[in-house]
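So the protein sequences, as listed, match chains A and B. Here my numbering runs 15 ahead of the position in the first sequence, where the first position is 1. Here my numbering runs 3 ahead of the position in the second sequence, where the first position is 1. For each residue, glycine too, the CB sits at the ideal point set by N, CA and C.
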Amino acid sequence: MKTTILKYLVCVGLLLAAASCKPDMELSNPSESTVSTYYKTEAQLQASLIPAYQALIGRDQGGYCFQVLFALLAPGDDYARTYKWPSMYQDTYNTPASDGIVKIAWMDMFNGVFASNIAIYQIINYKGTDASTDDKNTMLGQAYFLRGLFYLNLCSLYGETIPLYDHPTTTTADYYPTNAKSGEVYAQIVRDFSKADSLLPVKSKLYATASNIGRATKGTAQAFLAKAYLWRPILEKGKTAEYDKAQVVLADLINSQEYKLNSNFHDNFTNDPAKENGVESIFEVQMHNGTSWMGGDLSDSWRWTNIGLPDGTGGCWWNLAPTKMAYNEFETGDPRRYMTLWCPNGAYYTGSDGKTVTFEQMINNVSSDKDKYGTRKECPDTYTQYNGDIDDNFNDPIMRYADVLLMYAECLHAANFDSKSITDPAGPKYWIQQVRNRANNIVPTEQSQLWYSKSNGTIPTVDDLMVAAPTINGFKMDNILNVIEHERCVELMGEYYRYFDLLRLGMADSKYLKPLTDGGWTIKAMYYPFPQEELSNNPNLKGNAMN
Amino acid sequence: MKKKTLFWLFSLLFLVFLIPLSTFAQSTVVSGVVKDVNGEPLIGVSVTQAGTTNGTITDISGKYELKIPANGVLSYSYVGYKTETINVDGKTNINVVLKEDTKLMDEVVVVGYGTQKKADLSSAISILSPNELTKVPGGLSAGLQSEVAGVQITNGRIHIRGVGSVGSTDPLYVVDGMIGGSVPDEENIASVQILKDAASCAIYGARGANGVIVITTKRGHSGEVKVDYDGYTGWKTLTHEIKLLSGKDLAELINEEMYNANPSRTDYMKGLSNPASIGKGYNMFDAIKRTGSYQKHNISISGGTENANFRLTGVYSTDKPMFIKQGYDNYSINFVSDFKKGIFSIGETATIGRNVHDWNESLTLLGLKWSTACPIYDPTSSTGYAGSGLGTDLANSRATADYTWDKSENNSMTGNAWVIAEPIKGLKYKFNFGADIQRYSSRSYTADYNVGQYQNNSPDTYSMSSTMQNRFLYENTLSYEKKIAKHNFNALVGLTSEETKGYGLNGSARDMPSNEVLILSATQDASTKDVGSSETHYSMYSYLGRLLYDYDGKYMLTANFRRDGSSNFSQNNRYGNFPSFSAAWRLSQEEFMKSVSWLDDLKLRGSWGKLGNANINPYQYQSTVSFSNVWYYLNDTKTTGAIPLTPSNPNVKWESQTSKDLGLDLAVLNKTLSLTVDYYDKTTSDMLVQVPIAYSAGYMSTFPTLNAGSINNKGLEFLVTYRNHVGKNFDYSASANLSTVKNKVLSLGTNNQLFGASGLTCTEVGGSIGQFWGYKANGLYKTQADLDADKKFAPNAALGDVRFVDVSKDGTLDSKDMTFIGNPIPDFTYGFSAEAQYKTTFGTFDFSMVWNGSQGNDIYNNTRYYGEGMYHNYSCFESTLNRYRATALTFTNPVSGIVTVYPKNTDTNMPRAVYGDPNNNMRQSSRYVEDGSYLRLKTLLIGYALPQSITKKIYIDKARFYIGGKNLLTFTKYSGFDPEVGDQNSNGTNITRGIDGLTSWDPTFPNSKELYVGIQVTF
């Protein structure tokens, strides 16, 4: 009997064990929050803007610092691939749809569109009461600006038949979008920058709060709105630039007194925190070099590695390098040549071993491509402490006041004010001259062996240049537009403009396409193809002429 | 459901107490000696009264004595021998000779949640003999690959019956009933069974779709305490070396590259201007390579009584791989014991393991790229190593090996314990508790060092991470076995649950106080501190049931059912049902077949079943906002953000696999020849595919997981075994197996292709999974006419460049011309083995060899991308000596004036050498696709065991010495390191397979040529 009771007890015990062991099956992701419970405070709305900014750099080490850099720079006549990267196609105007840069640039920028759309949607539909109207407008203005900027780049690189999103993607239709119709993308870019213009505070007001330094301001929106108007021949194929509208918005920007030129050119391209986001800066991609390998935090600049010193010096990859044409574009006596390029008689580099080398020594290390140069602009002169991992923290200025002045000059040229005197702000010469004057300034912070650290540059005035009328890389300096084109090339070299300047001017006058057609460019190659995988993933989308 | 189960259990338990216990009859004492066929006494033979627990074991002279009813039946059983049963019939002295078991029909097979006689099986289960496991180091994998039909090991991964999914298809391991238990050391394995069809796997439901490998560990035995030792040591080298150009030959090649790109140039590199002076040069790959070695010691102590036995095993092994600064040390203690007390049986298997792994980022394959014209060492540099030069930009692999280290250790406790109550005969309740506790930690250090321009780290970097994961398993099963006349029933029901939780923590900093004080908090630069953490949580809850029925050993039926719930799925689709049925007809038991004297056994089997696969990332059904790596620096201050990064799919559900199997088992000629044939056809539907969506949707490359795809695998499997002996002293056996798989992708959801390996593979509906993708190369341009014909799409081509095919015929060579260029799936795989044993008075010799092969698979040899690139200044393979040259060239180096004569060479398929590769000869193309077929001597083993006449004198039971080799011979046309290429996809997805050298930093050389010697001793 005793054993029977024991058996009962054991069996009951075991049954309890069996019945009580159902685990918790309703699990939630311990490291993420659900969409429906987030976006409930102003801080969370602010957090929704961050990934849109981050997309400028790219979630996969992309953005301005890596793949987009190649996409924007390589097609220009001022840069060419080196023997280090034989399979770079951006340079050949024959980029295959399967190319990695084409895909990663597309992915990163559309991720930026997506992040901007989420922010716009959540800010507009915000029910909370903890955010003031001003705060909401400032947030919304940034989100519109960023969406406009991503589309400006996407449309410039891939053409206007890219998919157009004005809301966050959620449905199957969003997963498999169709092509945008002609003019739609341009219209949205202009609309987004215009809204940002009306919603955002000016720089001095916004940057009064330190944690806002680096964000888009009213001036940023205006400058990019003007750029979109000028870029229209690329953004809306077959249409001409809207110089009249650009002139109005640029005049407003100039009159705001928010910006002026740095007293020296070099101050635009340092990693000195006191000079980054400075008086001339309208918008910079903010870089930070973390301390672990390759920055560790995906916010670092790879520009130095990709296009910096010649191969065999300092560990640069030197995949893309300034060409002979780039070197020759600078007039004799233009200090900007030496601040932009590693070139003969230029700056010295101090390597990881503490030794200082000249460009001549560097280029001797190169086994091939000895006719190319290095990019010094926005790159360090010295191997820095945490630099063993090939990245750095130089911000990437993608809109400067100098560019605004040159765009304004172009508008005044289009409005037929070429004949105005060089001292008359109503004419283009006045504004070009501002930029040229600054170029001649002594740069006391420069390496002491560089002559312009002690004496002025010697490039002539616009008037003298036009009188002398030299031919620079095939363009005779006898008319204002050629002078502007030349000035943009040297002032903004390496700042991702060259190809698009030639292209947009070339849409109106094919002589500006010559440097490109000499390199094998055809009208078909105006844009990169849509990524092959994008087309195979989305049967609703048709490629462009390059697909 | 819970209530019903309770009711059921109560009802059965109620029955328990209605059944009386058995009674005893009049007794006598029987004694005798048990010997083997050679007349050697057998120690530890279990002598029992059949059908009872009354029994004893034989002593050191093989003697036994047992009290037993005068009309009782004695049963003599001993591992590895055929059990004898003898009617006592009043005798008091019974001597028995036990014959070695040929292990064919009486074998008991461990199936999911129980055992079955092999003869009664109605499903496709293969058995790997434990003997096979101990033949070679790594014997489990070698045995599965060579001896089991239907198992393929490609890329170092095990596939059972083809590739059923684009996701991970690793089989499930079940060790002593512990799902996902740790696979024991080969010496500790008692049995391995491979459940291949749905009927046998369905009891594991959602985890059975990729096949199940059921392993049992050796248990203790009643009798005297025994000590077994098995140890071996071995050496290994690469199975095949890839020869590089000498420094001189490389210099000549690069000068020719430069000349071909621009004959008028003068800026040749000085360092390469006198090739002869470089001579043999410097081989970085050799500098980081060595002869690998390993050793293993396994010692076990076992013993016990009738009601309690134990086995305690300690294993220590080390492995020094073929590359420097790498090593493994493994320690484990395995404890098993079994107890009987009344109606209860209690047992456990527990393993405490510790694995220490040292490695570093020595960038093995990158060593192949190091220019053989560049010195490796430089006595004048601060490190003693030379930086990369002569136009190359690599890190010095040898220096990396010295200045970086990574160490990891995993400490684990895995095991399970169970209680079985058998209140009435045939009714068993089992409670099984399993625990899998893993503690992993790793540390990495990169010193402060500077080797040339391409290799710097300053200051030093240290990082540490640790993860802990606990998994607990609870299983309750109730089984009942009953025989009514010729009807045999066996029913099983069960309830199981499982929960896994894990936490991870990682931190790093730079600028350590010294390379000996690696304390993160002591960093001299606090701004470099970085910390992170992770968390995982997962649970499963399942019901299971099985019914076995057979009539007179002639007709067998099995039905399995499992209902699995997984927290990976939303409430709507949380549970999946997985039924299976199988039937068998043993024709040989029929009266009308009895007259066929040569036929010993003939069985036809058929099965149908549905299996599941829940192998997806958790929380796919929730739309979540991610915080991981979302930030931007404003005013140089990190500002964090949030963004939804995963497109959710609230309807995600189980992947299911429907599988059919037809099989035949045949044994003839007194069981000397046996044959098993299986045909299977399995279709995976609702396959969990990350269905590609437009990148413009903004989710980067994260795709929603949809139940969209479908894949079919069909195949045939054959296994033939012949076993016989010549006289008393020579036994031999041979077996052969062959398997075919036909893989076909039926659907991928949308009308898409899936790309893998950065576009090197493409999976398309109608084709097989993960085929190679690229341009079609059609030899080289050898005539001007060919160049002219292709001028339009190959404007940069010259004589000796690769002639790519304009597949789309649109006059351009672009991505539309990419096509399928090879298939990593073999037509068939096969293996054969032979064994012989010869007994003499001075000992027993044994010999065995195993061959295995694969036929018809392709390999994408990506190591040749650089190795035969000839576009830059890197090292090249020796094969480039045969490069194309349209005309002879007498080249005077403008720098040194040295003249090199290059002869004309047009009868070749190796392209010309040209700087910058203007025709893009290097592009992904069929140029790199090679036939991966091979046949290799997997193992060769010769052993010698001392005769008992000697061992007795030195007080040991058994002593055997052996010497063996692994992968000694390989017949293949493949030019790379090894035709069994390593898997470089850490996620294990099947769309990246058969690619050799996909990345430069993570090569796996799963196979090496090995030689080893060992000893086995039993005290």
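- Proximity of chain B to G174 (chain A) at the Cβ level (cut-off 7 Å) is not reached, the minimal Cβ distance being about 13 Å.
- Using a Cβ distance threshold of 8 Å, S542 (chain B) and A152 (chain B) do not count as a contacting pair.
- Contacts with chain A (Cβ-Cβ distance below 9 Å) from the region 627 to 646 of chain B involve T627, V628, S629, F630, S631, N632, V633, W634, Y635, Y636, L637, N638, D639, T640, K641, T642, T643, G644, A645 and I646, listed in chain order.
- D524 (chain A) has its alpha-carbon roughly 11 Å from the corresponding atom of N497 (chain A).
- Among the residues facing chain A, I619 (chain B) is not included, as its CB has no counterpart in that chain under 8 Å away.
- Contact between E255 (chain B) and P278 (chain B) holds, since their C-beta atoms are separated by about 5 Å, short of 8 Å.
- By the Cβ test, the region 338 to 352 of chain A is in contact with the region 497 to 509 of chain A, since at least three Cβ pairs between them sit closer than 8 Å.
- With a contact defined as Cβ atoms closer than 8 Å, A948 (chain B) and G846 (chain B) qualify at about 6 Å.
- Sixteen is the threshold: since fewer than 16 other Cβ atoms of the shown chains lie within 10 Å of the Cβ of K246 (chain B), the residue is exposed.
- A buried status is given to K99 (chain A), since no fewer than 16 other beta-carbon atoms sit within 10 Å of its beta-carbon.
- Ranking B:N460, B:L101, B:D270 and B:F436 by CA distance to the CA of T895 (chain B) puts B:D270 first.
- Residue-level contact check: N727 (chain B) does not touch chain A, since none of the beta carbons of chain A fall below 8 Å from its beta carbon.
- In the structure shown, the three-state DSSP call for A205 (chain B) is helix.
- Of all residues in the region 384 to 410 of chain B, those with a C-beta nearer than 8 Å to a C-beta of chain A are G392, L393, G394 and D396, reading in chain order.
- If you look at Y423 (chain A), you'll find it in the alpha helix (DSSP H) that goes Y416 to A429.
- With respect to Q623 (chain B), T708 (chain B) sits close: the two C-beta atoms are nearer than 8 Å.
- For R318 (chain A), the enclosing alpha helix (DSSP H) starts and ends at R318 to I322.
- D270 (chain B) reaches chain A at K385, counting residues in chain order whose Cβ is nearer than 7 Å.
- In the displayed model, L802 (chain B) falls within coil according to three-state DSSP, outside both helix and strand.
- 8 Å or more divides the Cβ of S662 (chain B) from the Cβ of A209 (chain B).
- Residues of chain B whose Cβ lies closer than 9 Å to the Cβ of H182 (chain A) do not exist, since the nearest Cβ in that chain is about 11 Å away.
- Residue contact check for M703 (chain B) against chain A: a CB pair falls below 8 Å.
- Going by DSSP, D681 (chain B) is part of the beta strand (DSSP E) stretching over L676 to Q693.
- Secondary structure note for G250 (chain B): its alpha helix (DSSP H) is the uninterrupted segment G250 to A264.
- For Y514 (chain A), the closest C-alpha among the options A:D207, A:T49 and A:L531 is that of A:L531.
- Ranking B:S811, B:N90, B:K812 and B:L816 by CA distance to the CA of N799 (chain B) puts B:L816 first.
- Only those residues of the region 324 to 348 of chain A whose C-beta falls short of 8 Å from the nearest C-beta of chain B are listed: D326, G327, T328, G329, G330 and W332.
- Secondary-structure assignment with DSSP links Q458 (chain B) through no beta bridge to anything.
- Residue nearest to M261 (chain B) within the set A:Y190, A:Y191 and A:S382 is A:S382 (criterion: CA-CA distance).
- Two segments are said to touch when three or more pairs of C-beta atoms, one from each, lie closer than 8 Å; by this definition the region 639 to 657 of chain B touches the region 63 to 77 of chain A.
- Against chain A, the CB of I998 (chain B) has no partner CB under 8 Å away; the residue lies outside that interface.
- Secondary structure note for I487 (chain B): its beta strand (DSSP E) is the uninterrupted segment T464 to I487.
- Taking a C-beta cut-off of 8 Å against chain A, the contacting residues of the region 517 to 540 of chain B are D528, S530, T531, D533, S537, E538, T539 and H540, listed in chain order.
- Using a Cβ distance threshold of 8 Å, G1000 (chain B) and L368 (chain B) count as a contacting pair.
- When C-alpha distances from S468 (chain B) are compared across B:E478, B:N491, B:G510 and B:N493, the shortest belongs to B:G510.
- Using beta-carbon distances, M508 (chain A) does not count as an interface residue toward chain B, since no partner is under 8 Å.
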